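Just so we're aligned, residue 198 is where the sequence shown starts under this note's numbering, counting upward by one.
First the structure, in the form of structure tokens, and then the observations on it.
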Amino acid sequence: MNNQPILRVDRLSKSFRGLHAITGLSFAIQPGSITSIIGPNGAGKSTLFNLVTGYLAPSAGQIWFQGRLITGMPTNRIAERGIARAFQIARPFRDLSVFDNVRIGSLFGKAGPRDVAATTARAMQLAAIAHLADRPASALTVGQLRHLEVARAIATRADLLLADEPCAGLNPTETAAMIDVLRRIRASGVTILLVEHDMPSVMEVSDRLLVLDAGRLIADGSPSDVANNPQVIEAYLGSTEPEDTESQTAEPAIRQGSKI
Ligand SMILES: Nc1ncnc2c1ncn2[C@@H]1O[C@H](COP(=O)(O)OP(=O)(O)OP(=O)(O)O)[C@@H](O)[C@H]1O
Ligand SMILES: [Mg+2]
198 MNNQPILRVD RLSKSFRGLH AITGLSFAIQ PGSITSIIGP NGAGKSTLFN
248 LVTGYLAPSA GQIWFQGRLI TGMPTNRIAE RGIARAFQIA RPFRDLSVFD
298 NVRIGSLFGK AGPRDVAATT ARAMQLAAIA HLADRPASAL TVGQLRHLEV
348 ARAIATRADL LLADEPCAGL NPTETAAMID VLRRIRASGV TILLVEHDMP
398 SVMEVSDRLL VLDAGRLIAD GSPSDVANNP QVIEAYLGST EPEDTESQTA
448 EPAIRQGSKI
């Protein structure tokens, strides 16, 4: 059972009144990995997160977590199984301290016995905000709020963390700190699925990239394989013609470039 994927998605589809946001998507994620899902705007990345966490029910297909079917389950039951999501926009309880915000995370989430104080402390430490424990959330910077959001998610004792653009809006120093946190979380035994537009960070931190375009998986491989994949370059820039000057910048853009 050691090689059992932590997450398996099988022929997953989701349409919104005829708009195919996700079409026939299949992949499996091994435990202990950091996998990034990349793709142009509207590719279906957030929809995939919404399906895995139960915010949306799929139109077709199945989702398995730790070998058990979770398709169509309500969000709270999926959280009890051990999946947490760090939202792009953190909405902490502003008047509560960092400690209390993270503590709330530890009161929910994965089913089973828990040591609330220890879980809270550990989550703050992993997210590098232990020194801010007594600060009210309202006093945090944008970067610190992102760390708080990740800490709250981890405090649920999740085995799988879905992180939605944790580096959005962060400066390079803050981005590097967040990448460090993600690595530490992975080292603590949590598998990470990441949606992130900051390509240098994605390339640096990911074991594997899944590339979505218009709801379909168009590439799946190591960061360097994907960066050299012509179909991926085309999806981002709409052309792979050698004469096209834009395409000459496409590859570096994906490999090291800025936000896409
Ligand atoms: N609740 C919804 N109702 C109708 N259409 C939706 C809904 N959610 C997403 N869509 C549509 O599904 C497609 C995929 O959207 P999604 O938000 O998953 O893309 P994304 O890859 O996360 O894009 P971005 O990088 O801009 O966040 C888009 O065409 C979007 O307009
Ligand atoms: Mg999105």
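For glycine and all other residues, C-beta sits at the position ideal for the given N, C-alpha and C.
Predicted model only: the values in this text are computed from it and were never measured.
beta-carbon residue i near ligand 2 non-hydrogen atom, thresh 7 Å
i: K211; result: no
i: S243; result: yes
Residue closest to residue i, alpha-carbon to alpha-carbon, out of the options
i: L329; options: N298, R405, L357; result: N298
i: G229; options: P427, S421, Y433, D404; result: D404
i: R282; options: Q322, S256, S212, N247; result: N247
i: L323; options: L379, A360, G412; result: L379
i: S392; options: S210, H217, N238, R208; result: First, the residue type needs correcting, since residue 392 is Val and not Ser in the sequence shown. Of S210, H217, N238, R208, the residue nearest in Cα terms is N238.
i: L245; options: Q263, Q227, S212; result: S212
i: R291; options: N368, V387, G412, A336; result: A336
Own chain partners of residue i with C-beta closer than 7 Å, once the 5 adjacent residues on each side are dropped
i: F224; result: V206, L407, L414, D417
i: A266; result: Residue 266 is actually Leu in this sequence, not Ala. Hits under 7 Å: Q259.
i: G366; result: V339
i: G454; result: With a pLDDT of only 48 at G454, under the threshold of 50, the placement of this residue in the model should not be trusted; the figure read from the coordinates follows. M396, listed in sequence order.
i: P382; result: The sequence shown places Ile at residue 382, not Pro. Closer than 7 Å at Cβ, skipping near neighbours: L323, I351, L358, I389.
Residue i: first and last residue of the uninterrupted alpha helix (DSSP H) it sits in
i: G340; result: 339 to 351
i: R278; result: 272 to 278
i: I376; result: 369 to 384
Same chain only: Cβ atoms within 6 Å of residue i, ignoring 5 sequence neighbours per side
i: P420; result: M400, S403, L406
i: R452; result: Reliability of the predicted coordinates at R452 is poor, the pLDDT of 46 falling under 50, and the value obtained from them is presented with this limitation in mind. A424, listed in sequence order.
Range of the contiguous beta strand (DSSP E) that encloses residue i
i: G258; result: 257 to 262
i: V392; result: 388 to 392
i: L293; result: First-last for L293: undefined, no H or E at that position.
i: T220; result: 216 to 226
Same chain, Cβ closer than 8 Å to residue i, five either side skipped, listed in chain order
i: S294; result: A330, D331, R332, P333, A334
i: E448; result: In this predicted model, E448 has a pLDDT of only 46, less than 50, meaning its place in the structure is not dependable; the value taken from the coordinates is given anyway. Contacts found: A424, N425, I430.
i: G269; result: G251, A254, P255
i: K307; result: A276, E277, R278, G279, T353, R354, A355, D356
Ligand 1 heavy atom lying under 7 Å from the CB of residue i
i: G366; result: no
i: A240; result: yes
i: L216; result: yes
i: G236; result: yes
Beta carbon proximity, residue i to chain B, threshold 8 Å
i: Q201; result: The structure shown has no chain B; it contains just one protein chain.
beta-carbon residue i near ligand 3 non-hydrogen atom, thresh 7 Å
i: L329; result: Of the ligands this structure carries, namely ligand 1 and ligand 2, none is ligand 3.
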